[in-house]
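Undergrad:
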Amino acid sequence: MTAGGAAPALTLKSGTAWADAWQRCRTVAPEAFRDDRVLNLWDAGWRADGRVLPATSPVDGTPVAGPPRLDGATAHRAVRASLDQHRAWRHVPLPERRARVAATLDALAHHRDLLALLLVWEIGKPWRLACADVDRAVDGVRWYLDGIDEMTEGRAPLDGPVSNIASWNYPMSVLVHALLVQALAGNAVIAKTPTDGGVACLTLACALAAREGVPVTLVSGSGGELSRALVRAPEIGCVSFVGGRDTGAAVATAVADLGKRHILEQEGLNTWGVWNFTGWDALAAVIPRLFDYGKQRCTAYPRFVVQRQLFDAFLAAYLPAVRTLRVGHPLAVEAPDDPFPDLDLGPVVNAAKAKELYDQVAEAVDRGAVPLHRGSAADARFLPGQDTSAYVHPVTLLNPPRSSPLHHAEPFGPVDTIVLVDTEAELLAAMNASNGALVATLSTDDPATYDRLAPQIRAFKTGHGVPRSRGDRDELFGGHGASWRGAFVGGELLVRAVTRGPAGERLPGNFPDHHLMP
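Residue numbers (our numbering): 1 to 518.
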């Protein structure tokens, strides 16, 4: 505090400006970064093609690199070139594939801080979470290096490359992780950069992989224009998609019509039930962690389903915890050489998403939802005069109306909703509001109650009083109902999903003709 009692003005941490990060990218990978744009990578070469769209950082509106969008015809050429790479790579001996992927991991680890800084600027991740995204990608693929011999025994690469279309929120630990495991298993890989952010981070990661001879293609473009090439093209051996249900349904229809291998991770409303429960200290301790990255992840918990007679005790635990959340500019510090700020959340992905969330909250309250908590900008850490249009301060609503998107869909932002129930039947109905989810949790003191109710919750993973997540290494991942289509992944299932096994093999997953749990 200053002598007058006011907090000192914050400043940008030294060496972390976007211009600093961009210059470091041009130094590390000059083949992929040119002037003020990134290049597309296809046919084993970096190309200054596509129409570059302007982009700004959600952190403070700073202009950043935009995606160089290709047209459909060029994307088809890139896919055909990837098939040529695939036909060569699938015959590369496994020890050599392992060595090239291992060298890529070493390079990613060496440039970890730059990759993390790009994630901060491009998609607003706080530093701690940006570093974790890079580390999980590297550590996760290293686990596969150790076990790939057994995982691929008796199996062969697919007939064509794997096409990856993923959302923007985890470029490293989801998308780059998948690319490298798919390549390790003998496939050439294609990735479309997410429209909403991450293009520079992915470009740097793919440049490091391409240098080691990993057959990666990285292209940008609108989903609608590139889908014929990246989803429907006969050259594609598998489609791996992470995103929303509307786009996922269109992809699912296309791959089903073509009989194509697919992995489609879609959103669901992940719920946390509270029933006959007294462990409030443990619940209070986990609440801030549930807001990591502003709940912009597929395994976030935006809905609490609470037994009515426990509501007062729930609020006594929940509200003090949610009031501790730290929001702000991920690079704003009191002195230029201070450590990175330890924040729970920065901005959401862009100002349009922030407006959408605030509008949904306002509409829900107008229609009867009760606001229980609203975070304040006065408590946030911002640079003087910075653009804050992409920031959403945490909000908690009781009983969102059924007409509101907040009632039945994942908000993908720091907005919690609570519904109250009186019977176990109501509890289960409320926890299954979205026809399938990726994760769920039930907090109850009685193990027998958990054992009886958990199998009736339509989530791939259900925790007993603890949050579940995508997981790492040998932990499997999938979804129930409309939250997942195609092969399940995680552990050895990811390798099985992108390789061919014995004739007639039925992979664990949700398919048009079968549902098989691992």
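Ideal Cβ placement from N, Cα and C applies to all residues, glycine included.
Find out if the Cβ-Cβ distance for the pair Pro411, Val286 is shorter than 9 Å.
TA: In this structure, Pro411 keeps its C-beta atom at 9 Å or more from the C-beta atom of Val286.
Undergrad: Can you check whether the CB of Gly221 is closer than 9 Å to the CB of Leu41?
TA: no
Undergrad: Is it true that the CB of Val38 sits closer than 9 Å to the CB of Pro67?
TA: yes
Undergrad: Could you give the first and the last residue of the continuous alpha helix (DSSP H) run that contains Cys524?
TA: The displayed coordinates of the chain run from 1 to 518. Any statement about residue 524 would go beyond what the structure contains.
Undergrad: Exposed or buried, what is Arg367 when buried is set at 16 or more other beta-carbons lying within 10 Å of its beta-carbon?
TA: exposed
Undergrad: Pick helix, strand or coil for Gly45, following the three-state DSSP scheme.
TA: Residue state, collapsed to three classes: strand.
Undergrad: Flag this pair as yes or no: are the beta carbons of Arg90 and Asn169 separated by less than 9 Å?
TA: No.
Undergrad: Are the beta-carbon atoms belonging to Leu129 and Thr299 less than 9 Å from one another?
TA: no
Undergrad: Going by the beta-carbon positions, is the gap between Ile263 and Ser227 smaller than 9 Å?
TA: no
Undergrad: Tell me whether the region 48-63 and the region 343-355 touch, counting them as touching only if at least three CB pairs, one residue from each stretch, are closer than 8 Å.
TA: yes
Undergrad: DSSP three-state call for Ala454: helix, strand or coil?
TA: helix
Undergrad: Quick one: complete alpha helix (DSSP H) runs, 4+ long, within the region 96-126?
TA: Listed in chain order, they are 112-123.
Undergrad: Residues in its own chain within less than 7 Å of Val174 by CB, not counting five upstream and five downstream?
TA: Excluding sequence neighbours, Val174 sits near Ala166, Val242.
Undergrad: Helix, strand or coil for Val523? Go by DSSP, reduced to three states.
TA: No answer is possible for residue 523: the residues shown for the chain start at 1 and end at 518.
Undergrad: Is the CB-CB distance between Ile236 and Ala78 below 9 Å?
TA: no
Undergrad: What distance in whole Å lies between the Cβ atoms of Leu319 and Asn373, which are believed to be in contact at a cut-off of 8 Å?
TA: Reading off the sequence shown, one finds His at residue 373, where the question assumed Asn. Yes, His373 and Leu319 are in contact; Cβ-Cβ is about 6 Å, under 8 Å.
Undergrad: Around the C-beta of His86, are 16 or more other C-beta atoms found within 10 angstroms, so that it is buried, or is it exposed?
TA: buried
Undergrad: From which residue to which residue does the beta strand (DSSP E) around Ser240 run?
TA: From DSSP, the beta strand (DSSP E) with Ser240 extends over 238-243.
Undergrad: Between the Cα of Asp43 and the Cα atoms of Thr217, Leu108, Gly15, which residue gives the shortest distance?
TA: The residue with the shortest Cα to Cα distance from Asp43 is Thr217.
Undergrad: Does the distance from the CB of Phe291 to the CB of Pro394 come in under 9 Å?
TA: yes
Undergrad: Does DSSP put Asp474 in a helix, in a strand, or in coil?
TA: coil
Undergrad: Which word fits Pro234, buried or exposed, when buried means at least 16 other C-beta atoms lie within 10 angstroms of its C-beta?
TA: exposed
Undergrad: Three or more C-beta pairs closer than 8 Å, one from the region 400-418 and one from the region 444-456: is that the case here?
TA: No, the region 400-418 does not touch the region 444-456.
Undergrad: Can you find the residues in the same chain that come closer than 7 Å, C-beta to C-beta, to Leu83, ignoring five residues on each side of it along the sequence?
TA: Same-chain partners within the cutoff: Gly160, Pro161, Glu235.
Undergrad: To the nearest angstrom, how far is it from the Cα of Arg308 to the Cα of Trp280?
TA: Looking at the two C-alpha atoms, the distance is approximately 15 Å.
Undergrad: Quick one: grab the DSSP three-state call for Trp484.
TA: When secondary structure is reduced to three states using DSSP, Trp484 falls in the strand class.
Undergrad: Excluding the 5 residues preceding and the 5 following Cys131 in the sequence, name in chain order all residues of the same chain whose CB lies nearer than 8 Å to its CB.
TA: Arg112, Asp113, Ala116
Undergrad: Tell me the rounded alpha-carbon separation between Ala32 and Ala200.
TA: 9 Å
Undergrad: Just the Cα atoms here: how many angstroms apart are Glu426 and Phe277?
TA: 17 Å
Undergrad: I'd like the ranges of any alpha helix (DSSP H) spanning at least 4 consecutive residues and lying wholly in the region 313-400.
TA: 351-366
Undergrad: Tell me which residue opens and which closes the alpha helix (DSSP H) that Gly463 is part of.
TA: Gly463 -> not in any alpha helix (DSSP H); beta strand (DSSP E) instead, spanning 459-464.
Undergrad: Could you check whether Pro518 and Leu493 sit closer than 9 Å to each other, using their CB atoms as the reference points?
TA: yes
Undergrad: Quick check on DSSP: helix, strand or coil for Ala440?
TA: The DSSP-derived three-state label of Ala440 is strand.
Undergrad: Which first and last residues belong to the alpha helix (DSSP H) in which Leu493 is found?
TA: 492-497
Undergrad: Between which two residues does the beta strand (DSSP E) harbouring Ser163 extend?
TA: 162-165
Undergrad: Could you check if His514 is buried or exposed, using at least 16 other CB atoms within 10 Å of its CB as the buried criterion?
TA: exposed
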